[in-house]
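Visitor: Sharing a structure, written as structure tokens. Questions coming.
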Amino acid sequence: MPAPSSRPTAAPALRNFMTRLVLAVVVFNLGLIGFVLWALQQSRLQYEDQARVTTANLARLMEHDITASIRVIDQALQAVASEAARTASAPGMVSSALIEALIEQKLQRLPELDGVRVADAQGWLSHGTGVKSAGRLNIADRDYFLQLQADPDAGLVIGKPVQGRLSGKWVLNLARAIQQRDGRFAGVVQGSVPLTLFIEQFIPLQVGPSGSFTLFDEDFRLVVRQPLPGELSQTVGRPFGSDALRALVRSGRTEATYKARSIVDNVERISSYRRVQGTSYHLVIGLAEADYLAAWRGEAYKAAAMVLLFLLVSIVFALFIHRTWRSQYAAVGALEQAYRTLDAEKQLNQTIIRSSPFAIYTRDRRGFVTAWNPAAEKLFGWRAEQIVGKPLLSVPPGKERETAELRDRVLGGENIIDFEVRRQKQDGTLFDLSTTLAPLRDARGEVTGYLAIASDITERKAAEEQIEFLAYRDVLTGLPNRQLLLDRFGQALAHAERSHSKVALVFLDLDNFKTINDSLGHAVGDALLKEIARRLGECVRETDTISRQGGDEFLLVLSDLAGTEAIPPVLLKIRERLQSPFAVDGHELTTSASIGVALYPDDGRDFETLLKKADTAMYRAKDAGRNHYRFFDEQMNVEAVEHLHLKSGLRRALVQGEFELHFQPQFELASGRVIGVEALLRWRHPEDGLIPPSRFIPVAEDSGLIVPIGDWVIHEACRQAMAWRAAGLPPLIMAVNLSAVQFRRGEVQQTIAQALQATGFDPHLLELELTESVLIGDTETVLTSVRRLKQLGVKLSVDDFGTGYSSLSYLKRFDVDKLKIDQSFIRDLASDPDDAAIVRAIVQMAGSLNLRTIAEGVEDAATLALLREISCDEAQGYHFARPMAAQAFVNFMAQRAGASSSNEKVGMP
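Numbering-wise, the working numbering puts 252 at position 101 of the sequence shown, and it's gapless, one number per residue.
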């Protein structure tokens, strides 16, 4: 029987297999352990790098907070020193009280300070915290006093930490000299900052249980430390600093990160050191190894557990294989039966091949077809009797070399799986083919030909290409979309980094495209966008990238630039090509573009930063009148940050009552009487002080906040007018400016009606000032609103008359009561004949239309005399009075009422 004879020959092969399997398991486990150890080491390095970044950021934050506190305290000390110097020449109870009040005010605003005190030139404390109750104390021996006494111009001096003689606390003293008018030393103003303040600032920082914060001086003596190594009194002045830290400080570096063991508590930390700007002090923030590696140790324990588990699984697997071997030894006899069924299986395989949906065929070493199934006939078009014994002529021109290389590889014994190629049918039709090739061997193992299994993937390839197009291209223009742009931008940056070149990100926005889209339809707009995309492609190199971001916005990546001088010619070419007329669906269209440019690495090193700055530059180009280009500069960024700062502050200002109204009197030139006031908005910012309207009004209009702010102005002006009436002032016209944004967006009529009803103010005394641009735009809507306002009884005045359209038709249609002549004509009235002629013409025209005129910006008597001569009705300006607060206006009216009649005449304010 053949089975017994085959058993002895199979057993050694199985034993060899078991030996190799055991060796493979051992080698794999050793490799796994090595890889885990390497990965843990890399993870530890990452945790250390993260700790370095964290300590650097915390040190930068702590240094910024300390510097900011010192700067604010210095401003307070300067204010007290200035007041002390001013009152030094006129001592007395009033002066002393003023200084004490000022010190108290500063202490309330600066909780960081433990006290503020003033000492005279001999060092005797005269004013400030605890001075009166403590009796006479002298600080002439303090280091900061001696330094300022020797050099009064030394500015802010920070003394060494001492224990306060009044408070008993350990403090840092900040001091400034008080100087007489001739510059001589007159004393010092000193503020005390408790050392515990620095600990309080540090405590919220996340540095772990063993983290530390240290402030030390240039002699490497401790000022304060958290955690304290003992009592505070034992900490101050204690030596500090590892050898690594001392070397960094002595090298002159202002910031650094290092790893060292602390000489205070013997804990090894990664620490970041920074010099506190403007002082002789340094700070160090450290993360202990036990803290920043805590998570890493958890990972290490988990990895060790996983390795151990895998070892156990490997042992179990090896035992399982051993038991399986015994079963396999018994099953070897069944192999003979398998050989006996081989012929039947061959027949079955032939049946499967003939019925397979895949094209299956074989070829000999010469390339002649030796077998050909029905699916191959359907795929290629040749019947079996036409192709068997002949070469398969399915290779399209240009693919001969690729086909020869594939044939050589498979005849060399290589299996080629799912290789995609382009082939042609019998009728010449090209299609995409996925083929698997396997060598055919004879009994000696030599390759005699190869087997091919093929399927038509033309439809799948077309779908994939469509999917890829939709994923990376703009459907309308075919240009790269944002995702593809980001990929190419990354490649451009990598190349620029290697070659030390520049990359330009160009933000292009079409001017007035919305008008074309809305008037001619989206089909015309889409056709125009396609043509614009084509023209943009003519203006750049093949290595550059153009992307449509949606709507009428395009981004261009200009790569591999030696310098900025290569960019303007491209932008000028783009502008020239876009200005040429477009012929779209029977329409001849013209357009232009506003372009912003940001440069790598000058303006930023990542896409989002450069995109934001290019966008900012583009809007600057639009502000310049469109059809321009602008390169980003840092001033744009500063203005954008200020715009955001003001916008955020405006929301808070309205809620917290930071706005106030000032009032500028308006005089009747014929009688010299004060007949009204103009309400002017002011913003008293808690940090920046009084902000002029020229800075915040454009931001309010741009953000829409001008609507609620304008509503508040109207209510407050009416309320204040009624308060003046209650105080005994005569009826006065209250002139209030209305913003164009407020007039168009807000419900002005309802706001004014509510204000008049709530305050009881006479509507005939309320005068609303509108600019000419408000009255000209959207005429019918504006006319309806103006008529409703007039029905309330209020008066209308045209502000800045003469600077806009100055159309006579709207003066008649809108029932205007008064013209306010712009100060640009009034300023040079006495010296410029053209301005005088314009003003005279405005006054005469107003008189013929029964309108009153008021001149703003009157600043001298000569201008006033000319206004009287040409019969102007009213005037306001610095020659009469500056804008003033409500109570100051009451005082102003009282002074005029008490003055003699000769002094009441206009021109003698």
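Every residue gets a Cβ at the ideal spot worked out from N, C-alpha and C, and that includes glycine.
In terms of residues, what are the limits of the alpha helix (DSSP H) holding K763?
Guide: First-last of the alpha helix (DSSP H) with K763: 758 to 774.
Visitor: Can you tell me whether K665 is helix, strand or coil according to DSSP?
Guide: Correct three-state label for K665: helix.
Visitor: Give the secondary structure of Y198 by DSSP, where H, G and I count as helix, E and B as strand, and everything else as coil.
Guide: Helix, per DSSP.
Visitor: Can you tell me whether A1045 is buried or exposed, with buried defined as 16 or more other CB within 10 angstroms of its CB?
Guide: Classification for A1045: exposed.
Visitor: Look up T170 in the DSSP assignment and say whether it is helix, strand or coil.
Guide: Helix at T170.
Visitor: Which residue from S822, C1023, P816 puts its Cα closest to that of A830?
Guide: The residue with the shortest Cα to Cα distance from A830 is P816.
Visitor: Within 10 angstroms of its Cβ, does R1106 collect 16 or more other Cβ (buried), or is it exposed?
Guide: Outside the displayed range of the chain (152 to 1060) lies residue 1106, so it cannot be described from this structure.
Visitor: Closer than 8 Å by C-beta to D593: which residues in its own chain qualify, once you throw out the five before and the five after it? Chain order, please.
Guide: Same-chain partners within the cutoff: T599.
Visitor: Leaving out the 5 sequence neighbours to the left and right, which residues in its chain are closer than 6 Å to S220 when beta-carbon positions are compared?
Guide: If we look at S220 and ignore the five residues flanking it on each side, its Cβ neighbours are E263.
Visitor: Return the CA-CA distance between V223 and W834, expressed in angstroms with no decimal places.
Guide: Distance between the alpha carbons of V223 and W834 is about 22 Å.
Visitor: From the DSSP output, in three-state form, read off W875 for me.
Guide: Looking at W875 - three-state DSSP - the assignment turns out to be helix.
Visitor: Using 8 Å as the threshold, is the C-beta distance between V748 and L797 below it?
Guide: No, Cβ-Cβ distance for V748 and L797 is not below 8 Å.
Visitor: Hey, would you say G338 sits closer than 8 Å to A291, going by beta carbons?
Guide: Contact flag unset, no.
Visitor: In angstroms, rounded to a whole number, what distance separates the CA positions of R158 and S478?
Guide: Bear in mind that the predicted position of R158 carries a pLDDT of just 43, short of 50, making it too unreliable to give a figure here.
Visitor: I'd like the span of the alpha helix (DSSP H) that includes A1039, first residue to last.
Guide: From DSSP, the alpha helix (DSSP H) with A1039 extends over 1037 to 1049.
Visitor: Please name the residue, chosen from D757, C690, L396, L889, that lies closest to H866 on a Cα-to-Cα basis.
Guide: Nearest of D757, C690, L396, L889 to H866, Cα basis: L889.
Visitor: First and last residue of the beta strand (DSSP E) that includes I290?
Guide: No beta strand (DSSP E) contains I290, which DSSP labels as neither H nor E.
Visitor: For the alpha helix (DSSP H) containing K410, list its first residue and its last residue.
Guide: Premise fails: K410 lies in the beta strand (DSSP E), 406 to 412, not in any alpha helix (DSSP H).
Visitor: How big is the Cα-Cα spacing for V313 and E351?
Guide: Approximately 19 Å between the Cα atoms of the pair.
Visitor: Return the residue from the list F186, T696, D966 that minimises the CA-CA distance to L940.
Guide: Checking every option, the nearest Cα to that of L940 belongs to D966.
Visitor: Under the three-state reduction of DSSP, which class applies to V427: helix, strand or coil?
Guide: Looking at V427 - three-state DSSP - the assignment turns out to be coil, as it is neither helix nor strand.
Visitor: Out of L602, T628, I250, state which residue places its alpha-carbon closest to the alpha-carbon of I329.
Guide: Measuring from the Cα of I329, the nearest candidate turns out to be I250.
Visitor: Over what stretch of residues does the beta strand (DSSP E) that includes H1030 continue unbroken?
Guide: Element bounds for H1030: n/a, residue is neither H nor E.
Visitor: If you drop the 5 nearest sequence neighbours on each side, which residues of the same chain put their C-beta closer than 6 Å to that of V245?
Guide: In this prediction, V245 scores a pLDDT of 48, lower than 50, which makes its location untrustworthy; no coordinate-derived value is stated.
Visitor: Near L856, what residues of its chain come up, given a Cβ to Cβ distance below 6 Å and the 5 sequence neighbours on each side ignored?
Guide: Excluding residues within five positions, the ones whose Cβ falls inside 6 Å are L801.
Visitor: Taking the C-alpha atoms as reference points, what is the distance between A1006 and R846?
Guide: Going from the Cα of A1006 to the Cα of R846 covers about 24 Å.
Visitor: Rounded to whole angstroms, what's the CA-CA distance from Y295 to I884? Just pull it up for me.
Guide: Rounded to the nearest angstrom, the two C-alpha atoms are 59 Å apart.
Visitor: Using the Cβ count rule (16 or more neighbours within 10 Å means buried), how would you classify F179?
Guide: So F179 ends up on the exposed side.
Visitor: On the premise that M213 lies in contact with L434, defined as a C-beta separation below 8 Å, what is that separation, rounded to the nearest angstrom?
Guide: At roughly 6 Å, the Cβ-Cβ gap stays under 8 Å, so L434 and M213 are in contact.
Visitor: Expressed to the nearest angstrom, what Euclidean distance is found between the alpha-carbon atoms of E551 and V572?
Guide: So the alpha carbons of these two residues sit roughly 12 Å apart.
Visitor: Give a single yes or no on whether P882 has its beta carbon closer than 7 Å to a heavy atom of the ligand GTP.
Guide: With respect to small molecules bound, the structure shown includes none, and the ligand GTP cannot be examined in it.
Visitor: List the DSSP bridge partners of R1019.
Guide: For R1019, which the question treats as bridged, DSSP gives no partner whatsoever.
Visitor: In the DSSP output, which residue or residues are listed as bridge partners for T365?
Guide: Beta-bridge pairing links T365 to R376, V435.
Visitor: Under a Cβ-count criterion, where at least 16 other Cβ atoms within 10 Å of its own Cβ denotes burial, should A632 be classed as buried or exposed?
Guide: The residue you asked about is not Ala; residue 632 is Asn in the sequence shown. Buried: at least 16 other Cβ atoms inside 10 Å.
Visitor: Is the beta carbon of L288 sitting closer than 8 Å to the one on I309?
Guide: No.
Visitor: In the structure shown, what three-state DSSP assignment does S845 receive?
Guide: S845 falls in the helix class under three-state DSSP.
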